[in-house]
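**Q** Quick one: the structure is below, questions incoming.
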Amino acid sequence: MTEMRLDHISVHKILNHMVDQACDVIIGKRRQIKLALSCLLAGGHILLEDLPGAGKTTLSHLIAKLLGLEFTRIQFTSDLLPADILGVSIFNKNLSEFQYSPGPIFTQTLLADEINRATPKAQSALLEAMEEGQVTVDGVTRPLPKPFFVIATQNPNDQIGTFPLPESQLDRFTMCIELGYPNHEAEREILKGEDRRQMIHHLNASLSPEQILSIQQSVASIHASDALLDYTQDIIKFTRTRPEFGRGLSPRGSLALIRSAKAWAYLDGRTHLLPEDIQEVLAPVIFHRLREQTEDREISLDRATLIIKNVTIP
C-alpha cells in the first residue's frame, strides 16, 4: 500500500470497510470485530475467551491480515518454556561467543493460542512484552517491533488441563471478548457456504504499520471533556466502593476504559468522546478484571449493566 498520512475521513472509510470485510468472514459478529479493532487501535492487547471452534483463531488471523501486520502464532502447551517464546542465546563455536536467536515474540501481531494451557512460568514470559514492548534475555533488553499486539485465546476455566491466568496478567489485557454462538441466520449462512477461513488468503492489507502508529496517535488525541472524565471517574469509584466488585478497577484498568472508548469514538468517525462510547466498551474492559475465576459469565456481564444504571451520565 502506498505510504501516506491519511486524514480522519479517509481512515474512517478504510476502517469501516475493514469491518465489513471481516464480517464477510466471521458472520454475525460485527460488534465483537469492532471491539477487537478498537482495542488494537487503542494500543491494547486482547483476550478472546470462548469454547473451541467459536472463531477465536480465525478472528486473530483476520485482523492481522487486514492491518497488514506480521503475524506469528504460538501454540501454548503444558511443556512450553519461556525460551520458546522469548528466544535464547546459543554459543557460536566459530566466533567463540554467545549469539542471541530471537523467539517468535519478535513480531507485530502475536497470537498466544490457548494461553491457559501453558504453565504460569511460560505465561509470565509475556508480561514484560505486553506492558513495556520489550523483552529481557540474559540481562539484555531488546525492543519489540512496533506496533506490537498480543491476541491471546483461552478456553473457559472449566475445561480440563487449564492454568488460570493470574490477576497481574489478566490486567494487562485491555479487553476480554467472547464471540459466542452465531445466531440462527448466521449459522445457516455458515452451513450453506464455503469454508470462510479460506477467504482470508484473498484479502489485501488496508493499512500499513506506519499508518497504524499514526492512527494510534490520533486515537490518543480524541477529546474527552471534563464532564466525560468525571463520568469515567464516577464509574471507577463505583467499582471500588461496591462489595460485589472486590477491589474494583485498577489504574491500568481505568486507562484501558478511557483509551478503548476513544478508539470506539474514532471508529464512529468522531473526534470527541460521548458517554455512549464508554458504555459500549465497559463490559469487555471490566469483565476479566472484576470477576471471580469460578463466576458465571452472565453474572459478570450483569455488572456492566449495574454500573450503567447507577452511575449518572453528565
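The opening residue of the sequence shown carries number 1 in UniProt numbering; numbering runs sequentially from there. Each residue gets a CB set at the ideal place from its N, CA and C atoms; glycine is no exception.
If we call anything under 9 Å between Cβ atoms a contact, is Ile177 one with Cys39?
**A** Contact flag set, yes.
**Q** May I have the straight-line CA-CA distance separating Ala261 from Lys56, to the nearest angstrom?
**A** Going by the C-alpha atoms only, they are around 23 Å apart.
**Q** For Ser60, count neighbouring Cβ atoms within 10 angstroms of its own Cβ and tell me buried if that reaches 16, exposed if not.
**A** Result: buried.
**Q** Suppose contacts are defined by Cβ-Cβ distances below 9 Å. Is Ala112 in contact with Ala152 by that definition?
**A** It is a contact, given that the beta carbons lie within the stated cut-off.
**Q** Where does the unbroken beta strand (DSSP E) through Asp113 begin, and where does it stop?
**A** Segment 109-113, the beta strand (DSSP E) holding Asp113.
**Q** Please confirm if the region 73-90 is in contact with the region 98-110, defined as three or more CB-CB distances below 8 Å between the two stretches.
**A** Yes: the two stretches touch, three or more of their Cβ pairs being nearer than 8 Å.
**Q** Buried or exposed, going by whether 16 or more other CB atoms sit within 10 Å of the CB of Gln293?
**A** Any reading at Gln293 must be qualified, since the residue scores a pLDDT of 48, below 50, and its modelled position is unreliable; the value itself is stated next. Answer is exposed; the Cβ neighbour count stays below 16.
**Q** Near Arg259, which residues of its chain fall below 8 Å by C-beta distance, leaving aside the five closest residues on each side in sequence?
**A** Only Ala42, Gly43, Gly44, Thr174, Val219, Ala220 meet the Cβ criterion.
**Q** Below 8 Å, how does it come out for the region 280-292 and the region 235-247: are there three or more Cβ pairs, yes or no?
**A** Counting Cβ pairs under 8 Å, three or more are found: they touch.
**Q** Suppose only complete runs of 4+ residues qualify. What are the alpha helix (DSSP H) ranges in the region 142-227, listed by chain order?
**A** The region 142-227 contains these whole alpha helix (DSSP H) runs: 167-170, 184-192, 209-220.
**Q** Beta carbon of Thr72, beta carbon of Thr107: below 9 Å?
**A** Result yes, Cβ atoms of Thr72 and Thr107 sit closer than 9 Å.
**Q** Name the DSSP bridge partner or partners of Ile74?
**A** Paired residues: Ala112.
**Q** Where do the N-terminal and C-terminal ends of the beta strand (DSSP E) with Val137 fall, by residue?
**A** Element bounds for Val137: 134-137.
**Q** If I'm right that Leu213 touches Lys146 with Cβ under 8 Å, what's the distance once you round it to whole angstroms?
**A** Sure, about 6 Å apart at Cβ, within 8 Å.
**Q** Do Leu267 and Asn94 have their C-beta atoms closer together than 9 Å?
**A** Cβ distance not < 9 Å, so Leu267 and Asn94 don't count as in contact.
**Q** Can the beta-carbon of Asn116 be found closer than 9 Å to that of Leu67?
**A** Contact: no.
**Q** Residues in the same chain with beta-carbon distance under 7 Å from Ala304, minus the five sequence neighbours each way, listed in chain order, please.
**A** Once the five neighbours on either side are set aside, the close Cβ partners of Ala304 are Leu282, Ala283, Ile286.
**Q** Could you round the C-beta distance between Leu37 and Val19 to whole angstroms and report it? I think they count as a contact, below 8 Å.
**A** Sure, about 7 Å apart at Cβ, within 8 Å.
**Q** I'd like to check one pair, Val135 with Leu144: are the Cβ atoms closer than 9 Å?
**A** Contact flag set, yes.
**Q** Check the C-beta distance from Ile222 over to Leu273 and give it rounded, since I have them as a contact under 8 Å.
**A** Indeed they touch by this definition, with Cβ atoms about 6 Å apart.
**Q** Locate the beta strand (DSSP E) running through Leu47, then write down its first and last residues.
**A** It spans 46-49 - the beta strand (DSSP E) in which Leu47 sits, taken as one unbroken run.
**Q** Please report how far the alpha carbon of Thr163 lies from the alpha carbon of Gln123, in whole angstroms.
**A** Note that residue 163 is Phe in the sequence shown, not Thr. So the two alpha carbons sit approximately 9 Å from each other.
**Q** For Asn92, which residues does DSSP report across the bridge?
**A** For Asn92, which the question treats as bridged, DSSP gives the partners Glu97.
**Q** Give the secondary structure of Asp20 by DSSP, where H, G and I count as helix, E and B as strand, and everything else as coil.
**A** Here Asp20 sits in helix by DSSP.
**Q** If you run the structure through DSSP and keep just helix, strand and coil, what is Val25?
**A** Here Val25 sits in helix by DSSP.
**Q** Locate the alpha helix (DSSP H) running through Glu280, then write down its first and last residues.
**A** Run containing Glu280: 275-290, per the alpha helix (DSSP H) assignment.
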